[in-house]
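Data block below; observations after.
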Amino acid sequence: MNKPEAKKRIEKLQGQIEDLRYRYHVLNDPSVTDDIKDSLEKELKGLEVEFPDLVDIHSPTNRVAGTPLDKFVKVQHAVRMLSLNDVFNEEELNEWEVRVKKLLPEDKRETVQFFCEVKLDGLAVSLIYKDGVFVQGATRGDGFVGEDVTQNLRTIESIPLKLYFNLQKSPLARILSSNNYLEVRGEIVMRRSVLKELNVRQEKEGKSLFANTRNAAAGAVRQLDRSLTAQRRLDFFAYDIVQSEMDGVKFPFATHSTKHEILADLGFKVYPHDEITKDLDEVKKVLKKIGKLREKFDYGTDGVVVSVDESELQGQLGIVGKAPRYMIAYKYPAEKATTQVLDISVRVGRTGVLTPVAHFKPTLVAGSTVAKATLHNIDQIERLGLRIGDTVVIQKAGDVIPEVVEVLLKLRTGKEKKFKMASHCPVCGGVVEQRVAASKKDTQSVAYFCTNQQCPAKNSRGMQHFVTIFEIYEVGPKILDRFQKEGLISDAADLFTLGKEDIQGLDRFGEKSAENIVKSIQDHKKQPLAKFIYALGILHVGEQTAEDLAKYFHTLEKAMGASVEDINSVENIGPVVSKSVYDYFHTKENLVYIQKLLKNGVSVESYKLVASSLKLSGKTFVITGTLSAMSRDEAKKKIKALGGKVTESVSKQTSYVVVGTEPGSKANKAEQLGVKILDEQKFLDIL
Ligand code: IVH
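Here you go:
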C-alpha cells in the first residue's frame, strides 16, 4: 500500500472504529461486539507503525498509550463549575418554586417549564473540544481551578475523541462538531456491576475495598498512570454545554433540554429518563417515577436535577454563592439497613479531639458497603444508648457519610458492652482531658482531647491539614510522615526551611522530586489571612469561621490580640468558638509556632488588601466582540480578580456590556434593555 492509499484507509478505519465505539459504548447496541472493533484497531495500529507520519494523536488507537504523569497540572475553568443546592422533600421543592417564580417576570410565572434529569452520583468533569477534537478534560476542583486529567479521560470509551460522526442528525450538531470551541460538562461514573467485579479483585489481592461507585470512579480519574484509569472501565454522561463558540460568536441555546438533544446528536451519552414538565405537579410525578426506577439502575444516582428550562429565564434568575437559582437537586431520602456493632475504636483528630468510631459487620446500604461510621462524640453514644454488640440501624444517602440512627434494643442478648472513653490517648498514651466542645450551631457538648502537644497523630493530621490548606500538593501524607520519621521536620513551620539537599539524599527521592517539593513549598509561602488562620488548625475554626475572623480583624496581629468579647462580636461566631480562638492565641506553644512560621518565611496578606481591591464586586459583565488590549479570557480573569462576574448573555441584571470591535448581537440587546455599554477604553479605565 502506498502512502496516499494508507492515508485513505486510516481515515476509513478511524471513522469505522469510532462508529462502532459509539454504537457499543454510547448506544449500548447489542449487535456490536468488541471483537470487530479490536480487529479493525489491529489493522489501524499496523498501518500507523508502517506509516508513522500518518499517526494522529487523536486516533482511537491512542486512548491508553503513554507514559505516566508526575503530577496533575492545574487548569482554570473558563466558566466556573458550580454546585447545586439540595432539597430533600416536596415541601422544600415547593419553596424553591415560590422563590423562583417571585423573581420571574409576571407573564412567565405560569408558563415556565421545568426540566428534570437524573442526578448521577459520580465526579463532575469539563471536556473541551477545539475544532471538534477533544483537547482538555479537567476535574471540578474548587469550581474555579481544577486538575488536567485529559489523558485519563481519553481512556473512557464513552467520551468521543473527535466529534465527527452522527453529523447528519441535526444541523446545529454538525456546526458544533466542527466548532472552534465547545465545552461540555458531565459526570464520570462507574457501573455498580463494575464496582462489584473490581472489589472482588481488590479483595483477592489483599487491597482495601471501594466504598461506592463514586469513590472508585473519582480514584480512577485521579491516577497518574492512565492505564490504571482504563482498567476501571468508567463511563461518561454529558449534561451541559457551557460554552460553544465559532469565530468568537456564541451559539444560543434556547433551553437546557435542547442542550441535551444536541449532546446526544454530537455522540455523547446522555442519561435517559429526562423530561420537560409543565408544572411542579408533573415534576413530582417524574420524581416518583425515577424514585422507583433508580433501584434497578446500574449507575448510582442520588436524585433528580430540576431546572428552569428556558435559558433566558435561567440568566435572569442568576447564581447565588456557589449554586444557580434556576436549578436544584432533589435528593432521595437515605436508605437504611441493619447491622451489628463489632467494636468502637477511637480516632485522634488534628485538634487532638478523640472521636469514637463504630465498626460494623460490612453491610450494603444505598449501593455501597459500609464497615464503619463516626459516632461524633460521647453524647451521641449516650443519646443512642449504644453498646458494643448492639444491632443498629444505619443510614446513608448518596454522598452523605453513613451514620447510626437507632439501636434495636429488642435484639439485645445481655452480652453487649458499654463503651468507655480511654483515659489515655490511643496513639501516644498522653493524658486525655474532657473539655466543652461546640458544634456548628455553637451548641455545647463534652469532648475528649489528647493533652500532649507533641502527639504524633495530632501533629501529623495537623500538618496534613496545613499543607492541604496551603495547597502544597507535592507534599502528601506519606511524604510528611517520612520527613517526620527522618527527623527533617517536627511541625509544618519546619517545611519552609527544607532545601533540595535535605531531601534528595533520602532513599527514593531523586534530585528532580526534591526540587519539585522545595519549589512547591516555597511557592506557597504567601497566604491570605483567612487561609493562614484556617491552616493553624484551631479547634472549631473551619474555612468559613476563618474567613469571618479575617474579614472582621483584617490583620493577624489584630486577630491574635483580640479579647474574647471582640471575637464574640464577629458575625456567626458564638461563645464556644470565641473562647477556643482566644485560648489558641494565648497559649505559649502556639505563639512560638506562629512566630516560627513567620520567621521561616511565611507571609500573611492582610484582609484589607484583598477586600479593597474587590471594587467590581456585585457587578456583572458581558463581553462581546474583540478587544485589542487583551484576549477575552484575560479580560474575564481581570474582572473576576476584582470581584466581578462575567456572564455570556445580556439581561436586565447585567451591569455593563463591554463592546470590542465587530460586536455580536449582544450590543443591540444591551441597548434594547438599557444596559450600560462600555467601549474598550472605558473598560480599561475601570480596570
Ligand atoms: S447539572 C450547577 N446535572 O451534581 C451544576 N449535575 O450537586 C450543574 N450531577 O457538580 C450541574 N448528575 O457533578 C447536573 N444530570 C446532572 C447531574 C449533575 C450529577 C452532579 C454534578 C454537580 C453536582 C451538583
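Numbered by our numbering, the letters in the sequence shown go through residues 12 to 698 in order.
Even glycine gets a Cβ: it sits at the ideal position worked out from N, Cα and C.
Quick one: using the 10 Å Cβ neighbour count with 16 as the cut-off for buried, is residue i buried or exposed?
| i | result |
| --- | --- |
| residue 470 | buried |
| residue 188 | buried |
| residue 737 | The requested residue 737 is not part of the displayed model; the chain covers only 12 to 698. |
| residue 407 | buried |
| residue 190 | buried |
| residue 47 | exposed |
| residue 280 | buried |
| residue 151 | buried |
| residue 498 | exposed |
| residue 589 | buried |
| residue 148 | buried |
| residue 21 | buried |
| residue 85 | exposed |
| residue 451 | Low local confidence applies: a pLDDT of 44 at residue 451 is under 50, so the model's placement there is unreliable, with the coordinate-based value given in what follows. Label assigned to residue 451: exposed. |
| residue 623 | Any reading at residue 623 must be qualified, since the residue scores a pLDDT of 45, below 50, and its modelled position is unreliable; the value itself is stated next. Exposed, by the Cβ-count rule. |
| residue 396 | exposed |
| residue 258 | exposed |
Please list, in chain order, all residues of the same chain as residue i whose beta carbon is under 6 Å from its beta carbon, the five residues on each side excluded.
| i | result |
| --- | --- |
| residue 267 | 126, 318 and 320 |
| residue 250 | 197 |
| residue 79 | 235 and 236 |
| residue 678 | 635 and 670 |
| residue 66 | 59 |
| residue 750 | This structure cannot settle anything about residue 750, because the visible part of the chain is limited to 12 through 698. |
| residue 663 | 684 |
| residue 401 | 352, 418 and 427 |
| residue 672 | 636 and 637 |
| residue 596 | 571 |
| residue 241 | 75 and 166 |
| residue 583 | 559 |
| residue 675 | 260 and 635 |
| residue 291 | 108 |
Mapping the DSSP letters down to three states, classify residue i as helix, strand or coil.
| i | result |
| --- | --- |
| residue 202 | strand |
| residue 435 | strand |
| residue 658 | coil |
| residue 43 | coil |
| residue 594 | helix |
| residue 349 | strand |
| residue 628 | coil |
| residue 155 | coil |
| residue 285 | coil |
| residue 426 | coil |
| residue 564 | helix |
| residue 110 | helix |
| residue 333 | coil |
| residue 196 | strand |
| residue 533 | helix |
| residue 280 | coil |
| residue 296 | helix |
| residue 520 | coil |
| residue 464 | coil |
| residue 160 | coil |
| residue 497 | coil |
Could you please give me the residues that DSSP links to residue i through a beta bridge?
| i | result |
| --- | --- |
| residue 506 | DSSP output for residue 506 lists no bridge partner at all. |
| residue 370 | 354 and 383 |
| residue 757 | The chain is shown from 12 up to 698; residue 757 falls before or after that span and cannot be answered. |
| residue 131 | 312 |
| residue 126 | 287 and 318 |
| residue 304 | Paired residue(s): none; residue 304 is not in a bridge. |
| residue 689 | 669 |
| residue 375 | 380 |
Just to confirm my understanding: we take residue i, look at its own chain, exclude 5 residues before and 5 after, and list those with CB closer than 7 Å. What are they?
| i | result |
| --- | --- |
| residue 361 | 469, 472, 473, 476 and 548 |
| residue 28 | 48, 51, 52, 55 and 71 |
| residue 334 | 93, 94, 95 and 96 |
| residue 15 | none |
| residue 612 | 507 and 536 |
| residue 690 | 670 |
| residue 581 | 559, 560 and 563 |
If you drop the 5 nearest sequence neighbours on each side, which residues of the same chain put their C-beta closer than 8 Å to that of residue i?
| i | result |
| --- | --- |
| residue 8 | Outside the displayed span of the chain (12 to 698) sits residue 8, for which this structure offers no information. |
| residue 443 | 365, 432, 433, 434, 435, 436, 459, 460, 461 and 462 |
| residue 539 | 561, 615, 616, 618 and 621 |
| residue 110 | 336 |
| residue 339 | 95, 96, 97, 98, 104, 107, 316, 317 and 318 |
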